[in-house]
Amino acid sequence: MAVISALFRVQQIETRLNGLRQMEQDLSRDANVSALEELLKEIRSQLSVRTEKASDIKKNQKQLELECERCLEHYRQEETLLYSGKISNPRELEQIQQKMEEYRQLQDKLETEILRQLELDEKIDSEIAVLEDRLSQCLKELVTRKKEINEKMLELQLEKEQLHAELETLLPQIPDDWMARYRKIADNHRGIGIAQLKGNVCGACHVSVSDSLLKAVKHGDDRLYFCENCGRILYY
Ligand SMILES: [Zn+2]
């Protein structure tokens with residue numbers, strides 16, 4: 000390969016390598032992954048709040064059921080006493096009836112509260128089911144997206160390795176002073192230090208070159224020629 004072609008190819012490779020690095024960076028902070036991770040966090044936090052609530056409700060229910068049982072027991076004790084035939088004092092009878100009425104009312108109240116807790120429990124359980132569904136959907140999407148990213152990353156890595164291997168064969172072919180010159184121009188021209196002629200026009204600045212320069216570049220002797228307009232090395 001002519002030295003000038005090798006130099007042009009080096010530029011192509013380095014440009015591509017920069018592009019690949021950018022693509023890797025974009026992939027590593029993929030917007031879909033961030034959005035999904037944010038969503039996961041939100042769902043998990045909602046789930047944890049509801050799970051805690053559900054456990055409180057269940058504890059409450061147990062407590063209410065115990066109270067209800069105790070209440071019923073007291074009611075029966077009073078009832079047994081009432082029909083035992085041992086009580087003859089009307090005032091005592093009245094007191095027992097009064098207590099029975101209080102236990103009955105308390106039991107009504109407790110049963111209403113148990114029902115209310117049961118409804119709450121069902122509501123929370125269905126909310127938890129919906130959230131768990133969303134969580135598993137979200138996790139699935141995240142796994143898929145991460146797999147896509149990994150595959151793409153591997154492709155990029157492979158291409159980078161191939162380009163680096165090619166660079167290693169090209170760089171020794173280019174004299175140090177050419178390379179230094181190229182780097183200096185490239186640094187001042189957004190990474191493009193060598194331009195290919197398109198007809199008689201510089202491929203970088205798109206200005207036509209003089210006939211004599213065109214002829215010299217096309218002839219391709221072993222020296223560097225520079226665009227009269229932008230100063231870049233010209234390659235035919
Ligand atoms: Zn130019």
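First residue of the sequence shown? That's 0 in numbering that gives the first Met the number 0, and the numbers climb one at a time after it.
All residues carry an ideal CB built from backbone N, CA and C; glycine is no exception.
Taking all protein chains in view, the Cβ of Gln156 is surrounded by fewer than 16 other Cβ atoms within 10 Å, so the residue is classified as exposed. Lys217 and Asp210 have their C-alpha atoms some 10 Å from each other.
Secondary structure at Leu130: helix, using DSSP grouped into helix, strand and coil. Shortest gap from the CB of Val206 to any heavy atom of ligand 1: under 7 Å.
Here the distance from the Cβ of Asn228 to the nearest heavy atom of ligand 1 is below 7 Å. Under the three-state reduction of DSSP, Ile191 is assigned to coil, being neither helix nor strand. If only uninterrupted alpha helix (DSSP H) runs of at least 4 residues are considered, those enclosed by the region 4 to 83 are 30 to 81.
The continuous beta strand (DSSP E) containing Leu233 extends over residues Ile232 to Tyr234. If you ignore the 5 residues before and after Asp221, its C-beta comes within less than 8 Å of the C-beta of Val2, all in its own chain and listed in chain order. Between the region 87 to 102 and the region 15 to 31, the count of C-beta pairs closer than 8 Å stays below three; the two stretches do not touch. Within its own chain, the residues whose Cβ lies closer than 8 Å to the Cβ of Ala194, once the five positions on either side in sequence are excluded, are Cys201, Gly202, Ala203, Cys204, Cys226, Cys229, Arg231, Ile232, Leu233 and Tyr234, listed in chain order. As a beta-bridge residue in DSSP terms, Leu196 pairs with Cys201.
For Leu134, the CB contacts under 8 Å within the same chain, skipping 5 residues up- and downstream, are Leu39, Ile42, Arg43 and Leu46 in chain order. In the pairwise beta carbon analysis, the region 123 to 132 is classified as not touching the region 6 to 23: fewer than three pairs are separated by under 8 Å. For the set Asn17, Leu119, Asn31 and Trp177, the Cα lying nearest the Cα of Thr143 is the one of Asn31. Between Leu35 and Glu140, the gap from beta carbon to beta carbon is short of 8 Å. The bridge partners DSSP lists for Ser209 come to none.
Proximity of the region 69 to 85 to the region 160 to 180 falls short of the contact definition, fewer than three beta-carbon pairs being nearer than 8 Å. Using a 10 angstroms sphere on the CB of Tyr181, the tally of other CB atoms reaches 16 or more, which defines it as buried. Using a Cβ distance threshold of 8 Å, Ile113 and Gln60 count as a contacting pair.
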